[in-house]
Amino acid sequence: MPLIPTVIEKSQFGERAYDIYSRLLKDRIIFLGEPVTDTVANIIIA
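Under our numbering, think of the first position of the sequence shown as 1, with each following residue one higher.
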């Protein structure tokens, strides 16, 4: 089973642990495994 790194976010309400991909998605940062074409761009935006 692959190990997924976690990050700890600290705020005034305490700490919260996220897996790295969920944390990046929260900031709307995504990883693509292919070049961005018109079709891929439409799927991402939808």
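Glycine included, C-beta positions come from ideal geometry on N, C-alpha and C.
Let's see if you can read the secondary structure: which residues bound the beta strand (DSSP E) around V36? Here residue 36 corresponds to residue number 36 of the sequence shown, with the count starting at 1. Secondary structure note for V36: it is in no beta strand (DSSP E), with a DSSP letter that is neither H nor E.
Once DSSP output is grouped into helix, strand and coil, what is the label at I8? Counting from 1 along the sequence shown, the entry for residue 8 is found at position 8. Residue state, collapsed to three classes: strand.
Would you mind working out which of E34, T37, I20 sits nearest R28, comparing C-alpha positions? Mapped onto the sequence shown, residue 28 falls at position 28. Answer by Cα proximity: I20.
Taking R16 as part of the beta strand (DSSP E), name the residues at either end of that continuous run. Here residue 16 refers to the residue found at position 16 of the sequence shown. Counting along the chain, the beta strand (DSSP E) containing R16 begins and ends at 14-19.
Measuring CA to CA, which of S22, I44, V7 is closest to L32? Position 32 of the sequence shown, counted from the start, is the residue given in the question as residue 32. For the residues S22, I44, V7, the minimum Cα distance to L32 belongs to I44.
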